[in-house]
Every structure is written in structure tokens, then in C-alpha cells.
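Remarks on the structure that follows.
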Amino acid sequence: VDSLEIAVQHVTEAFATHVAQPVVLAGGYAAAHSTAAGGSGGRRRIDGVPPEWPRQLIDADACDVVIVEADGARKLPFKAPAENEPVLPVDTDTVIVVGGVDALSTPIAEDFVCRAHVVAKIAELPLGAELTATAMGSVLGSRAVWRVPASVRKFVACINKADTLPLQDAAATVAQEAV
441 VDSLEIAVQH
451 VTEAFATHVA
461 QPVVLAGGYA
471 AAHSTAAGGS
481 GGRRRIDGVP
491 PEWPRQLIDA
501 DACDVVIVEA
511 DGARKLPFKA
521 PAENEPVLPV
531 DTDTVIVVGG
541 VDALSTPIAE
551 DFVCRAHVVA
561 KIAELPLGAE
571 LTATAMGSVL
581 GSRAVWRVPA
591 SVRKFVACIN
601 KADTLPLQDA
611 AATVAQEAV
């Protein structure tokens, strides 16, 4: 029995009592009406699932939607991808890039921004410079930066952690720059 077959069985059994098909969240996080898939490789984190799994789970009627965290940020609020990231599943139709507004105005440095050297290069700013709304927008809003192929129907930039009116205003400014 291969790992995909086990995942399909697990999802099917876990949600056998639900009328609607579940959402599968792959990549190490679980939420209500979902399950997590992937191995740890002996580390304290979950590896991604093979890129063909999400399509196979849907084709097996194990779920209607699969959400994959394709690219982590080492628990930092903002990042740019490495050259081999993100690894998108086969037949991906929507990519949502998420950045925390709390990164705004922090230094472009590894303590605050994952892959700071990549962010600095894209934003044409020196390492250590302040992360501006324009810099955040230029990273978040670019399909090219995230290597999202034309076959992906939707590309969405999401700015989170906007819990106060000032942060909502800051997020709106970043969003304008991301367009």
C-alpha cells in the first residue's frame, strides 16, 4: 500500500459521515474538516506532498479541494521564494501568496524577512533597508517572482495580520502596490 492510497483511505474514513466532501490541507497544518498529509523525513516539520497527490486525491473522490502550503517562511511574516520554490501541485488552479503587514517598516534582514537577499534584489533595495509598501507589493503581486505559470487561473496576493485600522490602512497601501 503506497502513501497516497493511505492518504485517500484516511480522508475517506475521516469524513465518511459528512455529506459534503472535505477540504484537505496538505503541508503540515490541520484545520476543521481537513487532514494533513506528508512525511517528516525525521525532522520536526512536515515535508510537502508529491506534486501529483492533490489531483489524485480529487480524482479518487477523497475531497473536492486540496489546499497546499507550497512554501514556508520559517515563521517570519514575509518572504520571497528561492529559485526552486514554490513547488506547485499538478493542475493547480489558484495560487494565494500571503504576507504579513507586520513586516512593513522592518529591516530587509533575515531576522525579519525570509530570503532577505531575494527581497532586496526584487525591490532594488540594499539589505538592511526598510521594507516599504512598494517593496512588499513588488514581491507579493508578481506572478513572475512566484513562478506561477499561465495555466494557473487565479493569482491572489493576500496581506494578513491587519487587525487594527492603522494596519488595515497599511495593508491597503501594500495591496495598491501589488496590483
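According to my numbering, the sequence shown is numbered sequentially starting from 441.
Glycine is no exception: its CB is placed at the ideal position from the N, C-alpha and C atoms.
Please read these numbers as outputs of a predicted model, since none were measured by experiment.
Suppose contacts are defined by Cβ-Cβ distances below 8 Å. Is residue i in contact with residue j by that definition?
i: Met576; j: Ala543; result: yes
i: Asp533; j: Arg495; result: no
i: Arg405; j: Pro521; result: There is no way to answer for residue 405, as the model of the chain reaches only from 441 to 619.
i: Leu528; j: Pro491; result: yes
i: Gln608; j: Ala602; result: yes
i: Val489; j: Val508; result: yes
Using CA coordinates, which residue listed in the options is at the minimum distance from residue i?
i: Ala618; options: Val592, Ile507, Leu567 and Ala584; result: Ala584
i: Val538; options: Ala597, Ser578 and Ala563; result: Ala597
i: Lys519; options: Pro529, Ile562, Ile498 and Val506; result: Ile562
i: Ile599; options: Gly540, Leu497 and Leu605; result: Gly540
i: Leu580; options: Ser591, Ile536 and Leu605; result: Ile536
i: Pro526; options: Glu445, Ala573 and Pro589; result: Pro589
i: Val558; options: Phe595, Ser591 and Ala513; result: Ala513
Can you tell me where the beta strand (DSSP E) with residue i in it begins and where it stops?
i: Gly577; result: Taken as a continuous stretch (DSSP letters only), Gly577 belongs to no beta strand (DSSP E), being part of the alpha helix (DSSP H) at Ala573 to Leu580.
i: Gln615; result: Inspection of the sequence shows that residue 615 is occupied by Ala rather than by Gln. Not the beta strand (DSSP E): Ala615 falls in the alpha helix (DSSP H), residues Leu605 to Ala618.
Does residue i come within less than 8 Å of chain B when only Cβ atoms are used?
i: Leu605; result: Among the chains of the structure shown, chain B does not appear; only one protein chain is present.
Would you call the stretch 543 to 552 and the stretch 561 to 575 touching, i.e. three or more CB-CB distances under 8 Å? yes
Note down, one range per segment and in chain order, each alpha helix (DSSP H) of at least 4 residues found wholly within the stretch 495 to 533. none
In chain order, which alpha helix (DSSP H) runs of at least 4 residues are fully inside the stretch 540 to 564? 556 to 563
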